[in-house]
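Student: First residue of the sequence shown: 52, per this note's numbering; consecutive thereafter.
Every residue gets a Cβ at the ideal spot worked out from N, C-alpha and C, and that includes glycine.
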Amino acid sequence: MSSDGYNAPIFRGRRRGVLLALSSPSGAGKTTLSKRLLSQNPDVVLSVSATTRKPRPGEVDGQDYHFISVDEFKAKIEDDEFFEWAEVFGRYYGTPKSPVMEAVEDGRDVVFDIDWQGAQALAAAAPEDAVRVFILPPSLALLEDRLRKRGQDSPDIIKDRMARAKDEISHWHEYDYVIVNDDFARALEKLNEILHAERLKRQRHPWLEEFVDAIMDQ
Ligand code: 5GP
52 MSSDGYNAPI FRGRRRGVLL ALSSPSGAGK TTLSKRLLSQ NPDVVLSVSA TTRKPRPGEV
112 DGQDYHFISV DEFKAKIEDD EFFEWAEVFG RYYGTPKSPV MEAVEDGRDV VFDIDWQGAQ
172 ALAAAAPEDA VRVFILPPSL ALLEDRLRKR GQDSPDIIKD RMARAKDEIS HWHEYDYVIV
232 NDDFARALEK LNEILHAERL KRQRHPWLEE FVDAIMDQ
């Protein structure tokens, strides 16, 4: 045993990344929040889902989504390439598996912009790594207003989205954290606080085992 603790070897292994699932009804600001979180944290990557829906104006293939055909999507289901997938508004959405596991083992955090079904599937598949955050709008009227102003959806789709928003919100209690997005800057700050605290959790630092053994042996 060493008498001088200052000579103790320091083990600093890589931490495991956080799988941060963000859900909210459409229009509650989740996409903007996740983009800002990414731009502020270089170790965070976004999981790019595959979808069979058409790109909206301004959306980029491979960046916002991998826009693929129904046949391609079904082939990927067959080949077990998705962590999880779901049918939403008659379109398929799925989370590609391999980039996520590579990132998490490599100590990078992955943000998922997914609905409650996806968040639930992710937490079931990776219970130690997944953290679920729900973003609530301050009111439903504001949500509808934001959807209208976005100008991307027809009134029928907006009606559908509002019905789905209520359904999505009904799952809020399944989440580890809930943020009310009434003030964007504050909501972003809270999201950063969640990420940074979660990074420090014991289970994300497997190197601690060896570190503690080493200091106990001195
Ligand atoms: P949008 O068409 O507005 O981009 O997305 C519609 C819904 O599908 C949103 O609630 C979004 O979070 C969800 N979604 C996007 N990607 C995925 C995914 O990979 N899996 C699941 N389960 N839902 C997703």
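Run the CB neighbour count on Val121, radius 10 Å, all protein chains shown included, and call it buried at 16 or more, exposed below.
Tutor: So Val121 ends up on the exposed side.
Student: Of the residues Ala238, Ile128, Arg104, Pro108, which one's Cα is nearest the Cα of His117?
Tutor: When only C-alpha atoms are compared, the closest one is Arg104.
Student: Just mark Ser54 as buried or exposed, buried being the case when its beta carbon has 16 or more other beta carbons within 10 Å.
Tutor: With a pLDDT of only 43 at Ser54, under the threshold of 50, the placement of this residue in the model should not be trusted, and no figure is reported.
Student: Hey, how far is the Cα of Asn243 from the Cα of Val69?
Tutor: Cα-Cα distance, rounded: 12 Å.
Student: Quick one, which of Leu191, Val139, Gln269 has its alpha-carbon nearest Gly80's?
Tutor: Looking at the Cα atoms, Leu191 is the closest of the given residues.
Student: In three-state terms, what does DSSP make of Ala265?
Tutor: Helix, per DSSP.
Student: Whose CA, out of Met152, Gly145, Asp112, Gly141, lies closest to the CA of Ala126?
Tutor: Closest by alpha carbon: Gly145.
Student: Using a threshold of 8 Å, state whether the C-beta atoms of Pro188 and Gly109 are closer than that.
Tutor: Against a cut-off of 8 Å, the Cβ pair of Gly109 and Pro188 comes out as no contact.
Student: State the Cα-Cα distance for the pair Val151 and Val161, rounded to the nearest angstrom.
Tutor: Spanning the two alpha carbons is a distance of roughly 7 Å.
Student: Taking 7 Å as the cut-off, does the CB of Ala272 come closer than this to any heavy atom belonging to ligand 1?
Tutor: A question about residue 272 goes unanswered here, because the residues of the chain that appear run from 52 up to 269.
Student: Measuring straight from C-alpha to C-alpha, what distance separates Ser74 and Ala248?
Tutor: Going by the C-alpha atoms only, they are around 19 Å apart.
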